[in-house]
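For reference, the structure is listed below as structure tokens.
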Amino acid sequence: MMYFGHIAGILKDPKNEWALIEEEHYSAKTVFLTQISILAAIPAIALYIGVTQVGWSVAGQEPVRLASSSALGSAVLFYFAMWGAVAFIAACMHWMEKTYGGEVSLDECLVLTTVTATPLFLSGISFLLPILWLNVAVAGAALVYSVYLLYSGTSKVMKIDEDRAFMFASSVLTVALCTLVGMLAASVIAWSHFVPLVYLP
Numbered sequence: 246m247m248y249f250g251h252i253a254g255i256l257k258d259p260k261n262e263w264a265l266i267e268e269e270h271y272s273a274k275t276v277f278l279t280q281i282s283i284l285a286a287i288p289a290i291a292l293y294i295g296v297t298q299v300g301w302s303v304a305g306q307e308p309v310r311l312a313s314s315s316a317l318g319s320a321v322l323f324y325f326a327m328w329g330a331v332a333f334i335a336a337c338m339h340w341m342e343k344t345y346g347g348e349v350s351l352d353e354c355l356v357l358t359t360v361t362a363t364p365l366f367l368s369g370i371s372f373l374l375p376i377l378w379l380n381v382a383v384a385g386a387a388l389v390y391s392v393y394l395l396y397s398g399t400s401k402v403m404k405i406d407e408d409r410a411f412m413f414a415s416s417v418l419t420v421a422l423c424t425l426v427g428m429l430a431a432s433v434i435a436w437s438h439f440v441p442l443v444y445l446p
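So the sequence shown is numbered by the numbering used here: it starts at 246 and just counts up by one.
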């Protein structure tokens, strides 16, 4: 759980905090069980509460809410999709690293991915109020900061020079954006065939 002690530092002074994180070593098991499992729960739980208790409205109309059973299925799928996304990006990072001179373990790739995604996980709290412009604004700001964390931390964690780190981070960002698009497409398929959305009257 020591990772959570770095969150404030990552948000306030990321360059210094990356150096501290690089000195510590976390196993993949530790990252998944004590970090991603908690961070991924933030947007999933907030989304469930937001769409079942608050609801969303379009053009000032009455709020629309989802049935609890329908929202629960979507929230659970969303939760594990975030696990899968982090694992996939870390695996791609580990596969690509030798091209850019990296020689680190999958564990360290997973740490870099998780820390980089932390602002996005935390931004999920905005789902408590499912207001489109608010959610987009918060997620957009979190995405910008996550990109900054990726570019500022890659050199330290992957132990490569700044020039190669920039190119490597750009490749990772491309993978992450493709993963995001894949998650959106998978969500549409899931809502259509596996966990159809049920609206409350």
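Glycine included, every Cβ here is placed at the ideal spot set by N, Cα and C.
Considering just the uninterrupted stretch of the alpha helix (DSSP H) at residue i, what are its terminal residues?
i: Phe333; result: Ser313 to Met341
i: Val381; result: Leu377 to Met403
i: Ser350; result: Looking at the DSSP string, Ser350 is not in any alpha helix (DSSP H), and its letter there is neither H nor E.
i: Val433; result: Glu407 to His438
i: Gly369; result: Neither: Gly369 is in no alpha helix (DSSP H) and is coded neither H nor E.
i: Ala285; result: Taken as a continuous stretch (DSSP letters only), Ala285 belongs to no alpha helix (DSSP H), as it is neither H nor E.
i: Gly254; result: Ile252 to Lys257
Classify residue i as helix, strand or coil using the three-state DSSP reduction.
i: Val309; result: strand
i: Tyr271; result: coil
So which of the options has the shortest CA-CA distance to residue i?
i: Phe411; options: Glu262, Gly346, Val321 and Leu388; result: Gly346
i: Thr279; options: Trp263, Leu355 and Pro446; result: Leu355
i: Ala336; options: Ala326, Thr344 and Thr358; result: Thr358
i: Leu425; options: Leu379, Ala362 and Arg409; result: Ala362
i: Gly329; options: Ser282, Val392, Lys343 and Gly295; result: Ser282
i: Ala419; options: Glu307, Phe439, Tyr396 and Glu407; result: Per the sequence presented here, residue 419 reads as Thr, with Ala not at that position. Checking every option, the nearest Cα to that of Thr419 belongs to Tyr396.
i: Met447; options: Ser315, Ile255 and Ser416; result: Given that the chain is displayed from residue 246 to residue 446, the structure contains no residue 447 and the question cannot be resolved.
i: Leu311; options: Phe325, Gly295 and Ala326; result: Gly295
i: Val360; options: Val349, Ser313, His339 and Leu284; result: Leu284
Across which residues does DSSP place residue i in a beta bridge pair?
i: Tyr444; result: Leu311
i: Trp301; result: Val309
Exercise for review: For the segment 423-435 and the segment 369-385, state whether three or more C-beta atom pairs, one from each stretch, are separated by less than 8 angstroms.
Suggested key: no
Check your understanding: Any chance the segment 285-297 sits against the segment 317-332, with 3 or more Cβ pairs inside 8 angstroms?
Key -> yes
Review point. Is the number of C-beta pairs between the segment 259-267 and the segment 398-405 that are closer than 8 angstroms three or more?
Key: yes
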